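In order, the protein sequence lines correspond to chains A and Y.
Quick note, my numbering runs 6 ahead of the 1-based positions in the first sequence.
Quick note, my numbering runs 1 ahead of the 1-based positions in the second sequence.
Ideal Cβ placement from N, Cα and C applies to all residues, glycine included.
Remember, predicted model here, so these are calculated numbers, not experimental data.
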Amino acid sequence: MVPFLPYTQKMLFDSEVLQVTLLSLQVSAIATIISLLIGLPCGTWLALGNFRGRSFLLSIINTGMALPPVVVGLVVAMLLWRSGPLGGLRLIYTPIAIIIAQTIIAAPVVTGLTAAALEALDPRLQQQLLGLGASRGQMVWYLWREARLPLLAALMAGFGSVISEVGASMMVGGNIRGQTRVLTTAIVLETSKGEFGIALALSTLLLILTYLINLGLTLIQQKGAGR
Amino acid sequence: MANLIEINDLQMKRGERVTFEVQSLSIARGETLAVVGPNGAGKSTLLFALAGLLKPATGEIRFNGKPLNQWDALEYRRKIAFVFQAPLLMDMTVEQNVALGLKFRSTPIEETRARVRKWMKYLDIDSLAKRRASQLSGGEAQRVSLARAFVLEPELLLLDEPFSALDPPTRAKLLEDLSALLSKDNLTAVFVTHNLNEAAQMSHQVAVILDGKVRQIGPPREIKAKPADEAVAAFLHEMPQ
Numbered sequence: 007m008v009p010f011l012p013y014t015q016k017m018l019f020d021s022e023v024l025q026v027t028l029l030s031l032q033v034s035a036i037a038t039i040i041s042l043l044i045g046l047p048c049g050t051w052l053a054l055g056n057f058r059g060r061s062f063l064l065s066i067i068n069t070g071m072a073l074p075p076v077v078v079g080l081v082v083a084m085l086l087w088r089s090g091p092l093g094g095l096r097l098i099y100t101p102i103a104i105i106i107a108q109t110i111i112a113a114p115v116v117t118g119l120t121a122a123a124l125e126a127l128d129p130r131l132q133q134q135l136l137g138l139g140a141s142r143g144q145m146v147w148y149l150w151r152e153a154r155l156p157l158l159a160a161l162m163a164g165f166g167s168v169i170s171e172v173g174a175s176m177m178v179g180g181n182i183r184g185q186t187r188v189l190t191t192a193i194v195l196e197t198s199k200g201e202f203g204i205a206l207a208l209s210t211l212l213l214i215l216t217y218l219i220n221l222g223l224t225l226i227q228q229k230g231a232g233r
Numbered sequence: 002m003a004n005l006i007e008i009n010d011l012q013m014k015r016g017e018r019v020t021f022e023v024q025s026l027s028i029a030r031g032e033t034l035a036v037v038g039p040n041g042a043g044k045s046t047l048l049f050a051l052a053g054l055l056k057p058a059t060g061e062i063r064f065n066g067k068p069l070n071q072w073d074a075l076e077y078r079r080k081i082a083f084v085f086q087a088p089l090l091m092d093m094t095v096e097q098n099v100a101l102g103l104k105f106r107s108t109p110i111e112e113t114r115a116r117v118r119k120w121m122k123y124l125d126i127d128s129l130a131k132r133r134a135s136q137l138s139g140g141e142a143q144r145v146s147l148a149r150a151f152v153l154e155p156e157l158l159l160l161d162e163p164f165s166a167l168d169p170p171t172r173a174k175l176l177e178d179l180s181a182l183l184s185k186d187n188l189t190a191v192f193v194t195h196n197l198n199e200a201a202q203m204s205h206q207v208a209v210i211l212d213g214k215v216r217q218i219g220p221p222r223e224i225k226a227k228p229a230d231e232a233v234a235a236f237l238h239e240m241p242q
């Protein structure tokens, strides 16, 4: 058994670990929020729209929910590479590059689960709201309100998919100490160095953080459910 | 009495299939029209067309003398209220549900409170005000659904078999209350039902719809006494009395 608890305690007061943790949270939170801003309207449009190619688009989004982070990382890295089409922006190996990659990973998750949440509502609810004098905007707002529990689950799934990924962060961030090192890439690095104790301690820290954030969201969700 | 609704040469289609058609149908202000017909005959299609939620393929519906396609869609929808077969309440308290349509219209809070209180009292649900919709019985939920529509004091009330899922005693009590409310406020309403006696009890006129066509319109007594043709007679004979 690798002793990792002493490392965990020590790390809580280590400034480098604190910096890596904060960067992880910051990058994944921003990517999740952007994914929500993209996924909520797109998922709503897919769920409520009645247009040709809707099923095809939904199948693409559902496939996107299983996008391998390493593939996203590769594509974003190629785009942002100095010689790549967006190389002039000089974003490769920056936190912004990680945010871009993580947004591409989380957006289909939020979009797909938003569409599923709204499709699970009684389809007559839309007509009932319109029949009571709701504008289109009011109708969508109240449908979101009605589906708030699965929508929060979509948010949690989106955040979970990016806080835990390593492939994309490694490829577009480069795991540069003090700049783009996040918890997952730090875990990979320590493991490759044979520092299993530190790797396990960082993993514990990541799990605790993820748990605390999901606990907060779950409490909001259950409060919304009236329990 | 001036007509609130006038329908001329209306045809509704789903794809290429005609789902409902009527040459001429009018509803006078303050009148209740009962619509009867078998399942799939086109009764709900007529209600959805009247609500402006389905567009006619041809013909026109006039509301207050003005064709529906010349009304601003939202402005028109705010003159009517729709009650579905299922109560379709939102996951909120009874009083919040009743206030919903007024909230859509940005009605001032004090006025909203007063109207919500009034209609909850009329429909005998004032004791349930703080209860969540998910905790109501079927009859209570349908009363909330009615209050949510009546509170809007609409010019036209559309009721799509609102009591068909309820047990007979609850249904009879609600029908009695609804009938009293409709005549008290001189409301114009269209009431879809499966039951001929309900139609007679509730309405000034009955429209019989068979296979997507309005086959006969007239006062309930006349419809019962003189069916327009054999198909109408056969249908009326089979209807629950």
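Point to revise | Whether serine 30/A touches leucine 189/A by CB criterion (8 Å) | key: Yes, these two residues count as a Cβ contact at 8 Å.
Practice item. Could you pull out every unbroken alpha helix (DSSP H) segment of at least 4 residues lying fully inside the segment 50-125 of chain Y, listed in chain order? Key: Correct list: 74-78, 95-105 and 110-123.
Point to revise | Beta-carbon proximity check, glutamine 202/Y vs isoleucine 218/Y, cutoff 8 Å | key: Not closer than 8 Å, so no.
**Study point:** Residues that DSSP places opposite aspartate 20/A in a beta bridge
**Key:** The bridge partners DSSP lists for aspartate 20/A come to none.
Check your understanding: In chain Y, which residues lie less than 8 Å from serine 141/A when you measure between Cβ atoms?
Key -> Residues of chain Y passing the Cβ test: Leu75 and Phe105.
Review point. Going by the CB atoms, is the gap between leucine 127/A and leucine 149/A shorter than 8 Å?
Key: Taking a C-beta distance under 8 Å as the contact criterion, leucine 149/A and leucine 127/A qualify as a contact pair.
Practice item. Since I believe glycine 45/A is in contact with alanine 113/A (beta carbons under 8 Å), could you give me their beta-carbon distance rounded to a whole number of angstroms? Key: Contact holds; Cβ gap of about 5 Å.
Point to revise | Own chain, CB closer than 6 Å to threonine 109/A, minus 5 neighbours either side, in chain order | key: Excluding five sequence positions before and after threonine 109/A, the CB atoms of its chain that fall closer than 6 Å to its own CB belong to Ala37, Ile40 and Ser41, given in chain order.
Review point. For asparagine 4/Y, which beta-bridge partners are listed by DSSP?
Key: Under DSSP, the beta-bridge partners assigned to asparagine 4/Y are Ala29/Y.
Exercise for review: Return helix, strand or coil for glutamine 228/A, following the three-state DSSP convention.
Suggested key: Glutamine 228/A falls in the helix class under three-state DSSP.
Point to revise | alanine 190/Y in three-state terms, based on DSSP | key: Looking at alanine 190/Y - three-state DSSP - the assignment turns out to be strand.
Point to revise | Partners in chain A for leucine 153/Y, counting only beta-carbon separations shorter than 8 Å | key: What leucine 153/Y touches in chain A, judged by beta-carbon distance under 8 Å, is Leu138 and Gly139, going in chain order.
Point to revise | Beta-carbon proximity list for serine 181/A, same chain, < 7 Å, skipping 5 on both sides | key: Note that residue 181/A corresponds to asparagine in the displayed sequence, not to serine. Answer for asparagine 181/A: Arg187, Thr191 and Leu195, listed in chain order.
**Study point:** Within 9 Å of chain Y by C-beta, residues of the segment 114-129 of chain A in sequence order
**Key:** For the segment 114-129 of chain A, the set of residues with a beta-carbon nearer than 9 Å to any beta-carbon of chain Y comprises Asp128, in chain order.
Review point. Are the C-beta atoms of glutamine 134/A and some chain Y residue less than 8 Å apart?
Key: Contact with chain Y is found for glutamine 134/A, since one of that chain's Cβ atoms lies less than 8 Å from the residue's Cβ.
Check your understanding: For the candidate residues Gln24/Y, Gly41/Y, Ala42/Y and Glu61/Y, whose alpha-carbon lies nearest to that of alanine 50/Y?
Key -> Taking only the C-alpha atoms, the option nearest alanine 50/Y is Glu61/Y.
Check your understanding: Span of the beta strand (DSSP E) holding glutamine 217/Y?
Key -> Looking at the DSSP string, the run of the beta strand (DSSP E) that includes glutamine 217/Y is 214-219.
Point to revise | Within-8 Å CB hit, glutamine 144/A to chain Y | key: Output row for glutamine 144/A: interface = yes.
Practice item. Identify which residue in Gly93/A, Leu92/A and Val116/A has its Cα closest to the Cα of methionine 71/A. Key: The candidate whose alpha carbon is nearest that of methionine 71/A is Val116/A.
Point to revise | Stretch-stretch touch, CB-based, cutoff 8 Å, three pairs: the segment 157-174 of chain Y with the segment 209-228 of chain A | key: Counting Cβ pairs under 8 Å, fewer than three are found: no touch.
Practice item. Give every residue of the same chain whose Cβ lies closer than 7 Å to the Cβ of alanine 103/A, excluding the five residues on either side of it in the sequence, and list them in chain order. Key: The residues Val82, Leu86, Leu97, Val178 and Gly179, in chain order, have a CB closer than 7 Å to that of alanine 103/A in the same chain once the five nearest residues on each side in sequence are set aside.
Review point. Does the beta-carbon of glycine 55/A have 16 or more other beta-carbons within 10 angstroms, so that it is buried, or is it exposed?
Key: Classification of glycine 55/A: exposed, given that the 10 Å Cβ count is below 16.
Practice item. Please list, in chain order, all residues of the same chain as serine 184/Y whose beta carbon is under 8 Å from its beta carbon, the five residues on each side excluded. Key: Cβ within range, chain order: n/a, list empty.
**Study point:** Minimum C-alpha distance to lysine 131/Y - residue among Glu76/Y, Asp92/Y and Phe151/Y
**Key:** When only C-alpha atoms are compared, the closest one is Asp92/Y.
Exercise for review: State the start and end residues of the unbroken beta strand (DSSP E) segment that holds alanine 208/Y.
Suggested key: Alanine 208/Y -> beta strand (DSSP E) spans 206-211.
Review point. Can the beta-carbon of glutamine 86/Y be found closer than 8 Å to that of proline 169/Y?
Key: Taking 8 Å as the Cβ cut-off, glutamine 86/Y and proline 169/Y do not qualify as a contacting pair.
Check your understanding: First and last residue of the beta strand (DSSP E) that includes leucine 158/Y?
Key -> 157-161 is the extent of the beta strand (DSSP E) around leucine 158/Y.
Review point. Would a check of beta-carbon distances place alanine 87/Y closer than 8 Å to chain A?
Key: Yes, alanine 87/Y lies at the interface with chain A (some Cβ there is under 8 Å from its Cβ).
Check your understanding: Is the beta carbon of valine 145/Y less than 8 Å from the beta carbon of valine 193/Y?
Key -> Against a cut-off of 8 Å, the Cβ pair of valine 193/Y and valine 145/Y comes out as no contact.
Check your understanding: With C-beta atoms as the reference, is leucine 5/Y less than 8 Å away from alanine 208/Y?
Key -> In this structure, the beta-carbon distance from leucine 5/Y to alanine 208/Y does not fall below 8 Å.
Review point. Under 8 Å Cβ-Cβ, which residues of chain Y neighbour glutamate 201/A?
Key: Ordered by position in chain Y, no residue passes the 8 Å Cβ test against glutamate 201/A, which lies about 50 Å from the chain.
Practice item. Could you spell out where the alpha helix (DSSP H) holding phenylalanine 165/A opens and where it closes? Key: Note, phenylalanine 165/A: alpha helix (DSSP H), 154-169.
Exercise for review: Starting from the C-beta of leucine 167/Y, find all residues in its chain whose C-beta is less than 8 Å away, skip the five residues before and the five after it, and write them out in chain order.
Suggested key: Same-chain partners within the cutoff: Gly139, Gly140, Gln143 and Leu175.
**Study point:** Reference lysine 119/Y; option with closest CA among Leu137/Y, Leu182/Y and Phe83/Y
**Key:** Looking at the Cα atoms, Leu182/Y is the closest of the given residues.
Practice item. Examine chain A for any beta-carbon lying closer than 8 Å to the beta-carbon of glycine 41/Y, and answer yes or no. Key: Look at glycine 41/Y: its C-beta is not under 8 Å from any C-beta on chain A.
Review point. Among Leu73/A, Pro129/A and Leu136/A, which one has its Cα closest to the Cα of alanine 107/A?
Key: Nearest C-alpha to alanine 107/A: Leu73/A.
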